[in-house]
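Written below as C-alpha cells is the structure these notes are about.
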Amino acid sequence: MIIKNGKVFYKGVIVKKNIVVEGGKIVSFGKGKGESFDASGMVVIPGVIDVHVHFREPGATQKEDFLSGSRAAASGGVTTVIDMPNTSPPTTTVETLEQKRAIAKKSMVNYGFYFGATETNMDEIRKAKNIAGIKVFMGSSTGDLLVTDNTALNAIFACGRPVVVHAEDEAIIKKNAEKYKNEHDPIVHTRIRSNECAEAAVRKAIELAGRNKTKLHILHASTKQEMELIAAAKESVDLSCEATPHHLFLTANDMKKLGNFARMNPPLRSQQDVDALWNGIKNGTIDLVATDHAPHLPWEKDVDYWKAPSGVPGVETSLPLLLNAVNSNRLSLQQLVRLTSETPARRFCIRGKGMIEKGMDADLTVVDLKKEKTIKNSDIVSKCGWTPFNGFKVKGAVIATVVGGQLAYEKGEFGEARGAEIKYGN
Ligand code: DOR
Ligand code: ZN
1253 MIIKNGKVFY KGVIVKKNIV VEGGKIVSFG KGKGESFDAS GMVVIPGVID
1303 VHVHFREPGA TQKEDFLSGS RAAASGGVTT VIDMPNTSPP TTTVETLEQK
1353 RAIAKKSMVN YGFYFGATET NMDEIRKAKN IAGIKVFMGS STGDLLVTDN
1403 TALNAIFACG RPVVVHAEDE AIIKKNAEKY KNEHDPIVHT RIRSNECAEA
1453 AVRKAIELAG RNKTKLHILH ASTKQEMELI AAAKESVDLS CEATPHHLFL
1503 TANDMKKLGN FARMNPPLRS QQDVDALWNG IKNGTIDLVA TDHAPHLPWE
1553 KDVDYWKAPS GVPGVETSLP LLLNAVNSNR LSLQQLVRLT SETPARRFCI
1603 RGKGMIEKGM DADLTVVDLK KEKTIKNSDI VSKCGWTPFN GFKVKGAVIA
1653 TVVGGQLAYE KGEFGEARGA EIKYGN
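Per my numbering, residue 1253 is the first one in the sequence shown, and the count goes up by one each step.
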C-alpha cells in the first residue's frame, strides 16, 4: 500500500511525502507498487495509541465487545488500545488473561492488556506474560477490583512491573457517600469523590512508587492538586500521568444538563482544575491523553444517581476534540502527536509504534484539519450509542485509519484490517 501526496508528520514537522508500506511496516517514502490511498490535502499522523479503554469483554458485551470497541477506535483514528482488567471475570489470573487474548483476536486495531491486582493474586501477577502493566484500583469503581491493604499494595509496587493506578481514596469515598446518602442530584458525585479524595490516593501511590522504585503511571489525573503533586514528584520518581478528554473539555457544570451521563470516576471538576490540566499539558506534567472509554447503556444511566454506573465513552471523539483544540490554538500539532502517540509508545515501551519512520509499523491516521463536524449521538459507533460531547462542533476530522498497513476505516466505512497484540521492550 502507498499513502500518496499526504502532508506527513515526520520528525516533528509536516512534509509532503508518499508513505510506502510493505508487510505491515513503513519501508520507504518514495515510489512503490500496490494499492494507493490518495491523501492529497490531508495530514498523516502516527496512529493514535489509547492506553486506557474498557472494551467490556468478557462479561458485559451488551455494552461493548472487542469488535465494536475496536471499530469505534478505528473511526476515531485510534490504531492501538490497551484494555483494562475490570471485565467479568476480571483479568486477574493467567487463565483469564489468556481468555482475553483469544477474545481480542477479532479486534480491528492493535491491542494490549493490563493485568488486574487483587489483595491476593501476587503469584498470578508474577506469571503474567506480555502485559502493559498492573492495574491497581485504590478506590472502588466499576467492577469489584480494589486494593486497600497496605501490605498488598506494597508487594504490588515492589514486584518490578510497571503499575498504573486508579487513584481515589476508598476511605474518603466511603465517608462522603455516608455523609451525602440522602442527596439524589448527580452533582453529589463531585462531592463524594472530591479533589481531596484524588489527592490523598495520588500522594500514597507516589510514596509507594518512590519507596519501591516502581515505574508508575497515574490514570485520569483531574485536579489542580494532582498536577502539583505529580510535577514535584517527577524529579525523584519514575512517574507519568494521563488526562482524559472529558476532564479536559467538560466541567462539573456539564452535569447540570447531562446528569448521570456525565458521571464517571474520577468525576468532572471545576474550571480551575480544567485550567490546571491544560497548564499541565503546556508544562509537560501531563504526559499523554487517554480516553478511559467506559461505555454504559443509556437505560443504565437514566436512573437515580445511586443506581447509575460511572463511565463515559470516548475512544471515537478524543482525536476530533484534540484536532479542534489545534485549530483553536490551544494545542500545537506537535503536542497532539506527542500526547496521543509518541509518549504512549515510549512510556509503555510499545515496540514499533509512536512515529512515522522507516521500519516502524504502518499504523497511520489520516486527518482533515479543515473539516467541520458536529459530534452526534446518532453517529456513535460504540454499542453504547451516546457521547457526553453530543452537539459539540469540532473543526478537524478523521478521514482514514490504517492499522498494520491495512485500511481499518475510511469515511464512515470499515475495512478488513485486523489488529495484532502489541509487544513491549526495545
Ligand atoms: O468512570 C469510570 N468507569 N471509571 C472507572 O474507573 C471504571 C470505568 C468503567 O469501567 O466503567
Ligand atoms: Zn478506566
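All C-beta atoms, glycine included, are put in the ideal place defined by N, C-alpha and C.
- Note that the C-beta distance between N1464 and F1409 is below 8 Å.
- Annotation for S1322: the continuous alpha helix (DSSP H) segment containing it runs 1318 to 1327.
- Annotation: the continuous beta strand (DSSP E) that includes V1272 extends over 1265 to 1274.
- For the pair C1493 and I1470, the Cα-to-Cα distance works out to about 5 Å.
- The beta strand (DSSP E) runs of length 3 or more contained entirely in the region 1592 to 1627 are, from start to end of the chain, 1616 to 1626.
- Collapsing the DSSP output to three states places I1254 in a strand.
- Using a cutoff of 7 Å, the CB of A1546 counts as near the ligand ZN, since one of the ligand's heavy atoms is closer than that.
- Secondary structure note for L1659: it is in no alpha helix (DSSP H), and the uninterrupted beta strand (DSSP E) holding it is 1658 to 1662.
- As the crow flies, the alpha-carbon of K1635 is around 9 Å from that of H1548.
- Secondary-structure assignment with DSSP links A1495 through a beta bridge to V1541.
- Only buried fits A1312, as 16 or more other CB atoms lie within 10 angstroms of its CB.
- For N1678, the closest of G1611, C1601, D1490, I1278 by C-alpha to C-alpha distance is C1601.
- Our two residues, R1413 and Y1676, have alpha carbons roughly 12 Å apart in a direct line.
- The closest CA to that of W1530, considering only A1485, W1551, Q1587, K1509, is found on Q1587.
- Between the region 1657 to 1666 and the region 1322 to 1333, the count of C-beta pairs closer than 8 Å reaches three or more; the two stretches touch.
- Residue G1611 holds the alpha-carbon nearest to the alpha-carbon of K1277 among D1401, A1457, A1369, G1611.
- If you draw a straight line from the Cα of T1348 to the Cα of M1390, it comes to about 21 Å.
- Not one heavy atom of the ligand ZN sits closer than 7 Å to the Cβ of H1499.
- Under the three-pair Cβ rule at 8 Å, the region 1280 to 1295 does not count as touching the region 1516 to 1536.
- Here DSSP, grouped into helix, strand and coil, assigns E1668 to coil.
- One alpha carbon belongs to V1300, the other to A1484, and they sit about 28 Å apart.
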